[in-house]
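**Q** Start counting at 1 in the sequence shown, then tack on 5, and there's your number in my numbering.
Note that beta-carbon positions come from the ideal geometry of N, C-alpha and C, so glycine has one too.
Here's a structure for you.
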Amino acid sequence: MPLQLIILIGLGVAALAIAAYAMIADKQRRQVIARTLVRNELAEPSSAIFRGAGLPASSLRARLLSLAPSGWSSDIKARDKLVHAGFDDPVAPLAYATIRLALLVALPTLAALLVVGRPLPQMIIVVACAALFAYILPIFYIERAIRLRQEGLRRSLPDAVDLLVLCMEAGLGLDAALLRVARELREVHSDVSRELMLVNRKVNAGTPREEALRSMYTRTMVHELQVLVQNLIQSEKLGSSISKVLRVYAETLRRKRRQVAERKAAVAPIKMTIPLVVMILPALFVVILGPAILSIIKFLGTR
């Protein structure tokens, strides 16, 4: 049996053993804590153990959450990143961890199968590169999703603030205005519509308005939304006109967006210099000087 195949089999068996040990240890841990909670009824169940409490017990998502290791869905840092990227479903951390594990197993295995029969150092390098790529790819995707979502929220915020001003000047209260703006922007700016709708639902469920508004910033980490929330809270506390404050803030947002566009336009020629020099100018020189050089070579060859 080739040495490479033995190594692959050993790695596969080790991975399966580690996964089985982790699941068994996690199950035993949950059983111990469950028995402790039964003995002490005043103990508060941890969200890391009873995940997906709001889901029906018979649903597929609830069963998946109960079977998965608790660390997969209780990673606070990963969960916050997913929420910032717009994946706020209770199953999102579990799906993210499952995808990462599948990539870490599948890509190195595929790379190893592609280089079977090659020298062992070359095989190790290829498998290590595949494992590194599998580790980085999900992180890069989430970071890119966060950046795109934040840019979309920044672009849509001036329109949302303008609509909010119009609704409040028409006589609607803040909660009704937020709900109306969320409904109007559902098809055009879905991200900001979703955030405003969630704020309205939290307020209707009994959450203090200030807390519901602040949670909108913590879910997005967009500085412009933080300023908007602070303006709304301060205007409500001081009793000042919210519509006037929002109108001024909308003008500030548009001016800032215009300045960002002007700055990007000013930097664009500098960014175009490197591709121009590396890719376009050599081809241009070949097209222009190529016939002349061939003519010179032909002329010198005839002498």
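#1: Cα-Cα, which of LEU299, ILE81, LEU87, ASN236 is closest to ARG149?
#2: How about LEU108 and TYR140: are their beta carbons less than 9 Å apart?
#3: In whole angstroms, what separates the C-alpha of GLY57 from that of GLU200?
#4: Hey, could you find the ends of the alpha helix (DSSP H) ALA102 is sitting in?
#5: Counting only runs of 4+ residues fully inside the segment 219–266, write out the alpha helix (DSSP H) ranges in chain order.
#6: Within 10 angstroms of its Cβ, does ASN205 collect 16 or more other Cβ (buried), or is it exposed?
#7: Whether or not the segment 159–179 and the segment 242–258 are in contact is what I'm after, with contact meaning three or more pairs of Cβ atoms, one per stretch, closer than 8 Å; do they touch?
#8: Taking the C-alpha atoms as reference points, what is the distance between LEU162 and LEU142?
#9: Out of GLN264, ARG268, ILE247, LEU243, point me to the one whose CA is closest to LEU179's CA.
#10: Suppose the cutoff is 6 Å on Cβ atoms and the five residues either side in sequence are ignored; what does the same chain contact list for GLY91 look like?
#11: Who are the Cβ neighbours of ALA135 in its own chain at under 6 Å, not counting the five residues just before and after it?
#12: Over the uninterrupted alpha helix (DSSP H) stretch that includes ALA139, give me the two end residues.
#13: Out of curiosity, what's the CA-to-CA distance linking ARG219 and THR103?
#14: Starting from ASP196, trace the alpha helix (DSSP H) both ways and give me its first and last residue.
#15: Report the rounded CA-to-CA distance for VAL197 versus LEU286, giving the unit in angstroms.
#16: Relative to the alpha-carbon of ARG84, which residue among ILE130, ARG224, ASN209, PRO126 has its alpha-carbon at the smallest distance?
#17: Rounded to whole angstroms, what's the CA-CA distance from ARG105 to LEU99? Just pull it up for me.
#18: From the DSSP output, in three-state form, read off PHE55 for me.
#19: In this structure, how does DSSP classify GLU215 when only helix, strand and coil are distinguished?
#20: Let's test the definition: count the other Cβ atoms within 10 Å of the Cβ of ARG188 and tell me whether it reaches 16, buried, or not, exposed.
#21: Does VAL283 pass the burial test, meaning 16 or more other C-beta atoms within 10 Å, or should it be called exposed?
#22: Quick one: what's got a C-beta closer than 7 Å to ARG268's C-beta in the same chain, skipping five residues either side?
#23: What number of angstroms, rounded off, separates the C-alpha of VAL292 from the C-alpha of LEU137?
#24: Helix, strand or coil for PHE304 per DSSP?
#25: Keeping to the same chain, check which residues put their C-beta closer than 8 Å to that of VAL232; ignore five residues upstream and five downstream.
#26: Assign ARG185 to buried or exposed, taking buried as 16 or more other Cβ atoms, counted over all protein chains shown, within 10 Å of its Cβ.
#27: ASN236 and VAL250: beta carbons closer than 9 Å?
#28: Near VAL132, which residues of its chain fall below 6 Å by C-beta distance, leaving aside the five closest residues on each side in sequence?
#29: May I have the straight-line CA-CA distance separating LEU289 from LEU299, to the nearest angstrom?
#30: In terms of residues, what are the limits of the alpha helix (DSSP H) holding ALA181?
**A** Let me spell this out:
#1: Locating residue 149 in the sequence shown gives position 144, where the first residue counts as 1. Nearest C-alpha to ARG149: LEU87.
#2: Numbered from 1 along the sequence shown, position 103 holds the residue referred to as residue 108. Numbered from 1 along the sequence shown, position 135 holds the residue referred to as residue 140. At the C-beta level, LEU108 and TYR140 come within 9 Å of one another.
#3: As a position in the sequence shown, residue 57 is number 52, starting the count at 1. As a position in the sequence shown, residue 200 is number 195, starting the count at 1. Bear in mind that a pLDDT of 46 at GLY57, under 50, signals an unreliable position, so the model cannot answer this.
#4: What you label residue 102 is simply residue 97 of the sequence shown in a count that begins at 1. 97–119 is the span of the alpha helix (DSSP H), which, as asked, contains ALA102.
#5: Here the runs fully enclosed are 228–243.
#6: Position 200 of the sequence shown, counting from 1, holds the residue named residue 205. Residue burial annotation: ASN205 is buried, with at least 16 other C-beta atoms found within 10 angstroms of its C-beta.
#7: Touching, yes, given that three or more Cβ pairs across the two stretches are closer than 8 Å.
#8: Taking the sequence shown and counting its residues from 1, one reaches residue 162 at position 157. Taking the sequence shown and counting its residues from 1, one reaches residue 142 at position 137. Computed Cα separation, rounded: 30 Å.
#9: Numbered from its first residue, the sequence shown carries residue 179 at position 174. Considering only alpha carbons, the answer is ILE247.
#10: One-based indexing of the sequence shown puts residue 91 at position 86. If you ignore the 5 residues before and after GLY91, its C-beta comes within less than 6 Å of the C-beta of ARG154, all in its own chain and listed in chain order.
#11: Within the sequence shown, residue 135 is the residue found at index 130, counting from 1. LEU112, PRO113, ALA116.
#12: Working through the sequence shown from its first residue, we reach residue 139 at position 134. That run of the alpha helix (DSSP H) goes 125–174.
#13: Residue 219 sits at position 214 when you count from the first residue of the sequence shown. Residue 103 sits at position 98 when you count from the first residue of the sequence shown. Cα to Cα, the separation comes out at about 31 Å.
#14: For the purposes of this step, residue 196 is taken as the residue at position 191 of the sequence shown. From DSSP, the alpha helix (DSSP H) with ASP196 extends over 195–209.
#15: Against the sequence shown, residue 197 aligns to sequence position 192. Against the sequence shown, residue 286 aligns to sequence position 281. Going by the C-alpha atoms only, they are around 44 Å apart.
#16: The residue you call residue 84 lines up with position 79 of the sequence shown. Measuring from the Cα of ARG84, the nearest candidate turns out to be ARG224.
#17: As a working mapping, residue 105 is identified with position 100 in the sequence shown. As a working mapping, residue 99 is identified with position 94 in the sequence shown. The alpha-carbon separation between ARG105 and LEU99 amounts to approximately 10 Å.
#18: Locating residue 55 in the sequence shown gives position 50, counting from the first residue. Summary for PHE55: the model assigns pLDDT 38, below 50, so the residue's position carries little reliability, and this model does not support an answer.
#19: Here the question's residue 215 lines up with position 210 in the sequence shown. Three-state result, GLU215: helix.
#20: For the purposes of this step, residue 188 is taken as the residue at position 183 of the sequence shown. Exposed is the call here.
#21: As a working note, residue 283 is residue 278 in the sequence shown. Exposed is the call here.
#22: Against the sequence shown, residue 268 aligns to sequence position 263. Closer than 7 Å at Cβ, skipping near neighbours: no residue.
#23: Position 287 of the sequence shown holds residue 292. Position 132 of the sequence shown holds residue 137. If I take the Cα positions, the gap works out to 42 Å.
#24: To locate residue 304, count along the sequence shown from 1; it is residue 299. DSSP places PHE304 in the helix class (H, G or I) of the three-state scheme.
#25: The sequence position of residue 232 within the sequence shown is 227, counting from 1. Hits under 8 Å: TYR254.
#26: As a working note, residue 185 is residue 180 in the sequence shown. ARG185 is buried by the Cβ-count criterion.
#27: To locate residue 236, count along the sequence shown from 1; it is residue 231. To locate residue 250, count along the sequence shown from 1; it is residue 245. Yes.
#28: Stepping through the sequence shown from its first residue, residue 132 is reached at position 127. Closer than 6 Å at Cβ, skipping near neighbours: PRO113, ALA116, ALA117.
#29: Start at 1 with the first residue of the sequence shown, and residue 289 comes out as number 284. Start at 1 with the first residue of the sequence shown, and residue 299 comes out as number 294. Approximately 16 Å between the Cα atoms of the pair.
#30: If you number the sequence shown from 1, residue 181 lands on position 176. Boundaries of the alpha helix (DSSP H) harbouring ALA181: 179–189, taken from the DSSP string.
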